[in-house]
Amino acid sequence: MIGNIKKYESDIVYEIYFKDKPVYIYILMEFQSTVYKKMPIRLLRYILELYEDNGRNSESGLYPAIFPLLLYNGESKWTAKKNISEVIDKTIPLKYIPTFEYYPILINEISRKDLLKIHNAVSAIFYMENTDSEDYREAIDDLVTVIKDSSILETKVFANWVNNFLLSQGEELVYEDFDKIKKPEEVLPMMAANIERYREKLISEGLEQGIKKGIEKEKVEIAINLLKAGSEYTFVANITGLSIEELKKIKL
Numbered sequence: 612m613i614g615n616i617k618k619y620e621s622d623i624v625y626e627i628y629f630k631d632k633p634v635y636i637y638i639l640m641e642f643q644s645t646v647y648k649k650m651p652i653r654l655l656r657y658i659l660e661l662y663e664d665n666g667r668n669s670e671s672g673l674y675p676a677i678f679p680l681l682l683y684n685g686e687s688k689w690t691a692k693k694n695i696s697e698v699i700d701k702t703i704p705l706k707y708i709p710t711f712e713y714y715p716i717l718i719n720e721i722s723r724k725d726l727l728k729i730h731n732a733v734s735a736i737f738y739m740e741n742t743d744s745e746d747y748r749e750a751i752d753d754l755v756t757v758i759k760d761s762s763i764l765e766t767k768v769f770a771n772w773v774n775n776f777l778l779s780q781g782e783e784l785v786y787e788d789f790d791k792i793k794k795p796e797e798v799l800p801m802m803a804a805n806i807e808r809y810r811e812k813l814i815s816e817g818l819e820q821g822i823k824k825g826i827e828k829e830k831v832e833i834a835i836n837l838l839k840a841g842s843e844y845t846f847v848a849n850i851t852g853l854s855i856e857e858l859k860k861i862k863l
């Protein structure tokens, strides 16, 4: 991966055979949780940078085909244009305006049940994207089914994706040597400790938030009673710790 793209999530290389000849498909996956209106420009830039960095095939003189796949896991509807020509002003003849289209996959529209039927690393990533964070640890058992037929390379891509996700959440990871993996199912126990630690952190944060909400609710109830009894805002603010501005917003 080239420098400008290394910071993004994942890349996968597939080798397939077409007319008895090997064809390599490089899939650059951009994981997006919000709608980004300039997505066709961003993905085209990635591809051009890859071509600039890797050069063309010495035998055919052609550049390799790159499949631009967008994985969107946001809650809002994906509304960004798919073709770059749709975001360019048509003030010159159309033949001089670039045309480039990416393929969007809306992860939240794929059921987790269907994902379990697809046995590869990409479906494993989709499965995790469709799983609530507090259920990650429990999802590990299901992933044994999802990735059991994956190649070692695909499995390592999935493991690295999980690590990248946890790092983005501010987690300190216990790093494992994924190069030692011999079978796809070996990766799951290696990731379990990091995922379990993240789950416990979420539980702890949830309890903290619940306690804070309870305290705030109690303060408001005390304030209402005092204000109804005719107490001044300054006195109620001193008793409850709420600001006068907050007290004035309370409906009696």
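Every number in our numbering is 611 more than the matching position in the sequence shown, counting from 1.
Glycine is no exception: its CB is placed at the ideal position from the N, C-alpha and C atoms.
Since the structure is predicted, the reported quantities are computational estimates derived from the model, not experimental observations.
Look at the alpha carbon of residue i and the alpha carbon of residue j, and state the distance between them as a whole number of angstroms.
i	j	result
Val646	Ser842	49 Å
Tyr628	Ala676	14 Å
Lys830	Leu680	51 Å
Leu682	Leu717	6 Å
Leu726	Glu765	16 Å
Ser762	Trp772	15 Å
Lys706	Lys632	33 Å
Met554	Asn836	Absent from the model: residue 554. The displayed extent of the chain is 612 to 863, so no value can be given.
Lys693	Lys860	46 Å
Lys701	Pro709	11 Å
Lys724	Trp689	23 Å
Ordered along the chain, which non-local residues of its own chain (more than five positions away) have a Cβ less than 7 Å from that of residue i?
i	result
Ser644	Asn684, Gly685
Starting from the C-beta of residue i, find all residues in its chain whose C-beta is less than 6 Å away, skip the five residues before and the five after it, and write them out in chain order.
i	result
Leu654	Pro679, Tyr713
Thr742	Ala750
Met650	Ala691
Tyr844	Ile855, Leu858
Ala840	none
Report all residues from its chain with a CB closer than 8 Å to the CB of residue i; omit the five preceding and five following residues, and keep chain order.
i	result
Leu853	Lys830, Val831, Ala834, Val847
Ile652	Ile695, Val698
Identify whether residue i lies in helix, strand or coil by the three-state DSSP scheme.
i	result
Pro679	strand
Tyr868	Outside the displayed range of the chain (612 to 863) lies residue 868, so it cannot be described from this structure.
Leu673	coil
Glu712	strand
Leu654	helix
Asn694	strand
Leu717	strand
Ile850	helix
Glu686	coil
Thr742	coil
Compare the C-alpha of residue i against each of the options and name the closest.
i	options	result
Ala691	Tyr738, Lys812, Pro715	Pro715
Arg656	Phe711, Lys701, Leu705	Phe711
- Cβ contact check for the region 721-738 and the region 695-702: 3 or more pairs under 8 Å: no
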